[in-house]
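One structure below.
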Amino acid sequence: MRWNNTFYYICLACNSMLLFLAFFGTQLQIPSWLQITGRMHPLMLHFPIVLLLLSIVWEMSTRGKSNPEYAGIGNALLLASAVSASFTALSGLFLSNEGGYDAPTLLLHKWSGIATSLLAFSWYVLRDRIRHTSVHTISIAALGVVLVTLAGHQGATLTHGENYLLAPVSDGKNQPAVAMEDALVFRDLVRPILQAKCMSCHNARKLKGDLNMETEASLLKGGKNGLLWDSTAEHFGLLLQRIHLPVAEKEHMPPQGKPQLTENEIRILYLWIKNGSDFTGKVVDLPENDSLKLLAAEFLKSQETEQYTFSAAGEATIRKLNNDFRVVHPLAVGAPALAVEFFGVAAFKSEFLQDLKEIREQMVELNLNKMPVQDADLKTITTFTSLRKLNLSATQITGATLSELKNLKTLRQLSLAGTSVKAADLEGLSDLPNLKVLYLWNTGVTEQEIADLQQRLPQTRLEYGFTGKDVVSKLNAAVIIGKDDVFNSSTKIMLKNFIKGAEVRYTLDGSVPDSLHSSLSTGDSISIDKTCILNTKTFLPGWISSDLATRSFFKAGITPDSVSLTFLPDPKYRGTGPNTLINNKIGDTEFKTNKWLGFRETNLECLLYFDQPTQISSVYVSALANIGSFIMPPAEIEIWGGTNKNKLVLLKTIRPEQSAKLAVSRVGYPCDFKSQKLKFLKIVVKPVKKLPMWHPQKGERGWVFVDEIFVN
Amino acid sequence: MEKEILEHGLHLNRRKFLSQLSVGLGSIALGSLLIPDLFSGGEEEAIMGGLPHFAPKAKRVIYLFQNGAPSQLDLFDYKPKLKEMHGKELPESVRNGQRLTGMTSQQKSFPLAGSKFKFSQYGRHDAWVSELMPHTAKIADDLCFIKTMYTEAINHDPALTFFQTGAQVGNRPSMGAWLSYGLGSENKNLPAFCVLLSKGKGNSQGVYSKLWTNGFLDSMHQGVQFSNGENPVLFLNNPESIDQADRRRMLDRVASLNEENFKTFGDPEIKTKIQQYEMAYRMQTAIPEVTDVSREPENIVKMYGPECLIPGTFAANCLLARKLSESGVRFVQLYHQGWDAHDNLPTQIVGQCKDTDQASAALITDLKQRGLLDETLVIWGGEFGRTNYCQGTLTADNYGRDHHPRCFTIWMAGGGVRPGVYGETDEFGYNIASDPVHVHDFHATALNLLGLDHEKLVYKHLGRRYRLTDVAGKVVPGLIA
Numbered sequence: 003m004r005w006n007n008t009f010y011y012i013c014l015a016c017n018s019m020l021l022f023l024a025f026f027g028t029q030l031q032i033p034s035w036l037q038i039t040g041r042m043h044p045l046m047l048h049f050p051i052v053l054l055l056l057s058i059v060w061e062m063s064t065r066g067k068s069n070p071e072y073a074g075i076g077n078a079l080l081l082a083s084a085v086s087a088s089f090t091a092l093s094g095l096f097l098s099n100e101g102g103y104d105a106p107t108l109l110l111h112k113w114s115g116i117a118t119s120l121l122a123f124s125w126y127v128l129r130d131r132i133r134h135t136s137v138h139t140i141s142i143a144a145l146g147v148v149l150v151t152l153a154g155h156q157g158a159t160l161t162h163g164e165n166y167l168l169a170p171v172s173d174g175k176n177q178p179a180v181a182m183e184d185a186l187v188f189r190d191l192v193r194p195i196l197q198a199k200c201m202s203c204h205n206a207r208k209l210k211g212d213l214n215m216e217t218e219a220s221l222l223k224g225g226k227n228g229l230l231w232d233s234t235a236e237h238f239g240l241l242l243q244r245i246h247l248p249v250a251e252k253e254h255m256p257p258q259g260k261p262q263l264t265e266n267e268i269r270i271l272y273l274w275i276k277n278g279s280d281f282t283g284k285v286v287d288l289p290e291n292d293s294l295k296l297l298a299a300e301f302l303k304s305q306e307t308e309q310y311t312f313s314a315a316g317e318a319t320i321r322k323l324n325n326d327f328r329v330v331h332p333l334a335v336g337a338p339a340l341a342v343e344f345f346g347v348a349a350f351k352s353e354f355l356q357d358l359k360e361i362r363e364q365m366v367e368l369n370l371n372k373m374p375v376q377d378a379d380l381k382t383i384t385t386f387t388s389l390r391k392l393n394l395s396a397t398q399i400t401g402a403t404l405s406e407l408k409n410l411k412t413l414r415q416l417s418l419a420g421t422s423v424k425a426a427d428l429e430g431l432s433d434l435p436n437l438k439v440l441y442l443w444n445t446g447v448t449e450q451e452i453a454d455l456q457q458r459l460p461q462t463r464l465e466y467g468f469t470g471k472d473v474v475s476k477l478n479a480a481v482i483i484g485k486d487d488v489f490n491s492s493t494k495i496m497l498k499n500f501i502k503g504a505e506v507r508y509t510l511d512g513s514v515p516d517s518l519h520s521s522l523s524t525g526d527s528i529s530i531d532k533t534c535i536l537n538t539k540t541f542l543p544g545w546i547s548s549d550l551a552t553r554s555f556f557k558a559g560i561t562p563d564s565v566s567l568t569f570l571p572d573p574k575y576r577g578t579g580p581n582t583l584i585n586n587k588i589g590d591t592e593f594k595t596n597k598w599l600g601f602r603e604t605n606l607e608c609l610l611y612f613d614q615p616t617q618i619s620s621v622y623v624s625a626l627a628n629i630g631s632f633i634m635p636p637a638e639i640e641i642w643g644g645t646n647k648n649k650l651v652l653l654k655t656i657r658p659e660q661s662a663k664l665a666v667s668r669v670g671y672p673c674d675f676k677s678q679k680l681k682f683l684k685i686v687v688k689p690v691k692k693l694p695m696w697h698p699q700k701g702e703r704g705w706v707f708v709d710e711i712f713v714n
Numbered sequence: 053m054e055k056e057i058l059e060h061g062l063h064l065n066r067r068k069f070l071s072q073l074s075v076g077l078g079s080i081a082l083g084s085l086l087i088p089d090l091f092s093g094g095e096e097e098a099i100m101g102g103l104p105h106f107a108p109k110a111k112r113v114i115y116l117f118q119n120g121a122p123s124q125l126d127l128f129d130y131k132p133k134l135k136e137m138h139g140k141e142l143p144e145s146v147r148n149g150q151r152l153t154g155m156t157s158q159q160k161s162f163p164l165a166g167s168k169f170k171f172s173q174y175g176r177h178d179a180w181v182s183e184l185m186p187h188t189a190k191i192a193d194d195l196c197f198i199k200t201m202y203t204e205a206i207n208h209d210p211a212l213t214f215f216q217t218g219a220q221v222g223n224r225p226s227m228g229a230w231l232s233y234g235l236g237s238e239n240k241n242l243p244a245f246c247v248l249l250s251k252g253k254g255n256s257q258g259v260y261s262k263l264w265t266n267g268f269l270d271s272m273h274q275g276v277q278f279s280n281g282e283n284p285v286l287f288l289n290n291p292e293s294i295d296q297a298d299r300r301r302m303l304d305r306v307a308s309l310n311e312e313n314f315k316t317f318g319d320p321e322i323k324t325k326i327q328q329y330e331m332a333y334r335m336q337t338a339i340p341e342v343t344d345v346s347r348e349p350e351n352i353v354k355m356y357g358p359e360c361l362i363p364g365t366f367a368a369n370c371l372l373a374r375k376l377s378e379s380g381v382r383f384v385q386l387y388h389q390g391w392d393a394h395d396n397l398p399t400q401i402v403g404q405c406k407d408t409d410q411a412s413a414a415l416i417t418d419l420k421q422r423g424l425l426d427e428t429l430v431i432w433g434g435e436f437g438r439t440n441y442c443q444g445t446l447t448a449d450n451y452g453r454d455h456h457p458r459c460f461t462i463w464m465a466g467g468g469v470r471p472g473v474y475g476e477t478d479e480f481g482y483n484i485a486s487d488p489v490h491v492h493d494f495h496a497t498a499l500n501l502l503g504l505d506h507e508k509l510v511y512k513h514l515g516r517r518y519r520l521t522d523v524a525g526k527v528v529p530g531l532i533a
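Chains A and B, in that order, are what the protein sequence lines are. For the first sequence, this note's numbering begins at 3 and goes up steadily by one. For the second sequence, this note's numbering begins at 53 and goes up steadily by one.
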């Protein structure tokens, strides 16, 4: 009896824990010692199945008989079932946390397992009451059978895969994947599609539309509406016509509500029919880059999830091998396979590679990109015989010792990009049976050698990348570096060039630089001492010369003592007030900055005042054009001057040209007049009232934007 | 990693845990379940920052974010119907009363605007690509075009924040921060999450540091923004008259002070700080090594375009992204601004494409030729799409498009993505016809490619567990090879 009690309490504890974990256990991580318990689930599960079924049989056959001996055996059986069921369910819960199972099946299995455990336990607890009534015994026994069957079946599905039980009798729907090399276009690509989407109706028994798609002969025969394909008809005949009809149409196939063909399936049917609907052709015989072949590659792709059978490296070893410049980590939680990466060119030492011998069995990826790996280091690498992926890009190997790698029989990917290996060095690689991709960009292998190499490595995809050979690119213009757009006596600027060997030429007179006569920038600073426009272009043989880069420089003039505006600028573009016009700060082509004053409804009309009569002969209005944003050259600029504010005379009027070519650019308007002493200058800049006929928004009002006015 | 989550989240140590539970065999077993190192003892840190839940297809991400929302109708989603009906009214049956932005909801008419640009089909999946993207068209076989992305947000900032953090309102960790938290840094000498910015000439929208925030995660997971100047990472160089040896001594001394502090207060942020100082020290050599483009061969310059040598351009950032990624940076986030073409779309989009097309395609080719594409997930796309109707006045060859969250195209490449064309929009390019992909689904799928179960990558904060996908998101099997 004492044993009974002990087991009872263990069973109670296990079931409580089971419920707790089932509801709140999603955040748990299983420690490794408990994982062992989890992995014993497949062993343990046989006990509750047998014991519970035995209990069911026992309870059913002894029902109604009140023999204490029978009851004693029944009690023992029920308790054993309850204990083993709770252990099994708990271990299953631990195992499920390791992941990798199909979620919906797992969910069902988990809950049916838990239910089984609870059922067995409550049966034991309530055993006397249940035995009292025959109906109770029958119902709980039936429920027990259902739960055990359900949990058992779902568990088997998890381990052995979907449809494991019925596979021998179901008609081969889950054929094993066919290797690309053996696949036939019809048998392995076309027929599975017809089988999945058409044959449920068009078979020898149902014969919908008198069409049977099961055999080659019956396919060729067609149905009551005629042949399935016809190279002269629209969509190559009936089959594709029906598929292409809108789904809602009655004639559309497969009928609405049935599983429809995917785009790729339609393409496969289309391409196969277009190519002559051949029943015997092999996929591998199709030309390289043939659309059907590429599609086939996708369809026939076998599941490439790799299974690693080696044991995991110790956590302490992994920890020890990790440092700031060498990272060793499992591919995922719980995976034995390790990936190793190196970082930090300056810190690299060959010994760092040799240290990895400890994990040579587990290391499947090694990334040495950019590290100063030498030819001699390949001797070390070749001992890492589990490698699947090896990246030696931009290392210092010359290729002389590349044949060392022939021991890496499992190698799938090898990158040699950016190294100086030559075609001859790659001989040894033909010994690598699993090499799928080889990266050869920017190596000593020439384009001519690639075709030859491909013949010797037929299973390997060679990635040659971008050579830039026939590409003619356009240079970019030098960047003009200079602090001051407006200077007092002189300023220094630099032209910064980015492309090695390119010539930077410039002019200061507004003309476009050419590659022969214009000044050549040496890279030193250039001194500018007068208002000018700097134009620069860059030239290099084999390249298209750059666009023009341009920037205006202004020598500061006579600064007025004050400035006022008759009309306020648009509130959005009011700069830093009237002073914006004489603060020696130039705006760039971005008009939404406080360097610019913008006017649309009114003229820009400003009055410059000089305390002393000053000798003045010109005014320069610096403005902006941004045709797309309606910012146009001024319709007209008037310069008025005099010594009496109320008696100003018109000194100059100019009407700038309106041109779409200006696009987005800075513009400037020098207004020269007879030199004279002035105290007042009134400058009127008028926006265009109507955008010109060529403008997309012709007729709208234009804007003027002015950032500075220079007086000389 | 789950251990770290637990220790952070619960702030439990073993003794506390055991003393709070009634002692017994069951509770020891339970305790050992919750703290797996219970019996191995020691305060050692995990082998790595973290490990994927299952074997990953991709190890790293490069996200080329096209900020402002590129017009899918002018780039990838070919709709001849719009051309046919150019200028005609958008049928109400198509819009069906769906919400519009304040910028066009007051518009009296919604004239359909067909794309001005020519489309052709490329590659074995016959993907449509417009003439604006000739380089992208050439690599179409490597790309997975998702034509049926959709989002709930209708304005830039919430939409962008949604894409980056899984929530429209700020303060949640960014995708890169989640990855840094979940997978840790590959290269201990560089941050796990780097951010690079560039700007096109088109109408642009802001990007803010909240987009690469660590949110409630440890601050070491925050994105590090690179600058375009001489020093890509600011304040990394030693000040004048301080050499490496001085710096080392200083850091050692500071670390021992911090350790003292940690013993007193036990705040994990102190540990983080020590680690960050150490990483910065190692970055002093790692950053110049990784950002040096002067030794890139000429064909690389030609492939990305010569602009790639000018710091701050999208091309330069793509090249730098490759260099960072191959050096083990988990998540390189680029933002290219300027796609918000409410008006003058045909002009603006030409410039934007010129800035991005060649370099984006070059990045794919470059990763591929080095054998890195299969372990790097590259994503290209904006925060939503643009409308099929014109914003403002429609003319024969000029139009603008408003924000359209109901369907838009992004592409992904490499890292276990199945190349092809996924999903279909209706003939007006307004609604999704089949296979919708929500932003949460996109996040779930991206995490899956990286070996992470989006439902398990959680962090407990303010009393509940948070995920990048929050309480939604489904992995889209059709996107996975």
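Heads up, the beta-carbon is just placed ideally off N, CA and C, and yes, glycines get one too.
| Asked | Found |
| --- | --- |
| Have a look at N313(B) and M331(B) and give me their C-alpha separation to the nearest angstrom. | 20 angstroms |
| Please go through the region 320 to 383 of chain A and give each complete alpha helix (DSSP H) segment of 4 or more residues, from N-terminal end onward. | 352 to 356, 380 to 383 |
| Among A206(A), D232(A), N227(A), S521(A), whose alpha-carbon lies nearest the alpha-carbon of S220(A)? | A206(A) |
| Going along chain B, which residues have a C-beta under 8 angstroms from W443(A)? | Q421, R422 |
| For the beta strand (DSSP E) that contains W180(B), what are its first and last residues? | 179 to 182 |
| Of the residues L195(B), A393(B), D522(B), which one's Cα is nearest the Cα of D178(B)? | L195(B) |
| Looking at the secondary structure, which residues open and close the beta strand (DSSP E) in which V148(A) lies? | From DSSP, V148(A) is part of no beta strand (DSSP E) but of the alpha helix (DSSP H) over 136 to 162. |
| My output table needs one value for R516(B): the three-state DSSP class, helix, strand or coil. | strand |
| Note down, in chain order, each residue of its chain lying with its Cβ closer than 6 angstroms to the Cβ of E95(B), except the 5 sequence neighbours on either side. | Because the pLDDT at E95(B) is just 33, under 50, the model does not fix this residue reliably, and the value given afterwards should be weighed accordingly. No residues qualify anywhere along the chain. |
| Should the region 646 to 662 of chain A be called in touch with the region 678 to 685 of chain A, which here means at least 3 C-beta pairs below 8 angstroms? | yes |
| Taking the alpha carbon of V59(A) as the reference point, which residue from Y103(A), G146(A), V473(A), I32(A) has its own alpha carbon closest? | G146(A) |
| List the residues of chain A that T417(B) touches, going by C-beta distances under 8 angstroms, in chain order. | G467, F468 |
| Would you mind sorting S548(A) into buried or exposed? The rule is 16 or more other CB atoms within 10 Å of its CB. | buried |
| Are the CB atoms of G437(B) and H456(B) nearer to each other than 8 angstroms? | yes |
| Less than 8 angstroms between CB atoms is the rule here; does H105(B) satisfy it with respect to chain A? | yes |
| I'd like to know whether the C-beta atoms of G239(A) and K226(A) end up nearer to each other than 8 angstroms. | no |
| In the DSSP assignment, find the alpha helix (DSSP H) that holds L424(B) and state where it starts and stops. | Premise fails: L424(B) is in no alpha helix (DSSP H) and is neither H nor E. |
| Reducing DSSP to helix, strand and coil, say where I618(A) ends up. | strand |
| Straight-line CA distance for L2(A) to K109(B)? | One cannot answer for residue 2(A) here, as it falls past the ends of chain A, which runs 3 to 714. |
| In this structure, what does DSSP give as the bridge partners for N393(A)? | N369(A), S417(A) |
| How many Å lie between W274(A) and L242(A) at the Cα? | 11 angstroms |
| Pop quiz: Y508(A) and T538(A) are said to be a contact at Cβ under 8 angstroms. What is the actual Cβ separation, rounded to whole angstroms? | 4 angstroms |
| Short of 8 angstroms in beta carbon distance, which residues of its chain neighbour G423(B), apart from the five on each side in sequence? Order them along the chain. | none |
| With which residues is C459(B) paired in a DSSP beta bridge? | DSSP lists no partner for C459(B). |
| Classify K131(B) as buried or exposed, calling it buried when 16 or more other Cβ atoms lie within 10 Å of its own Cβ. | buried |
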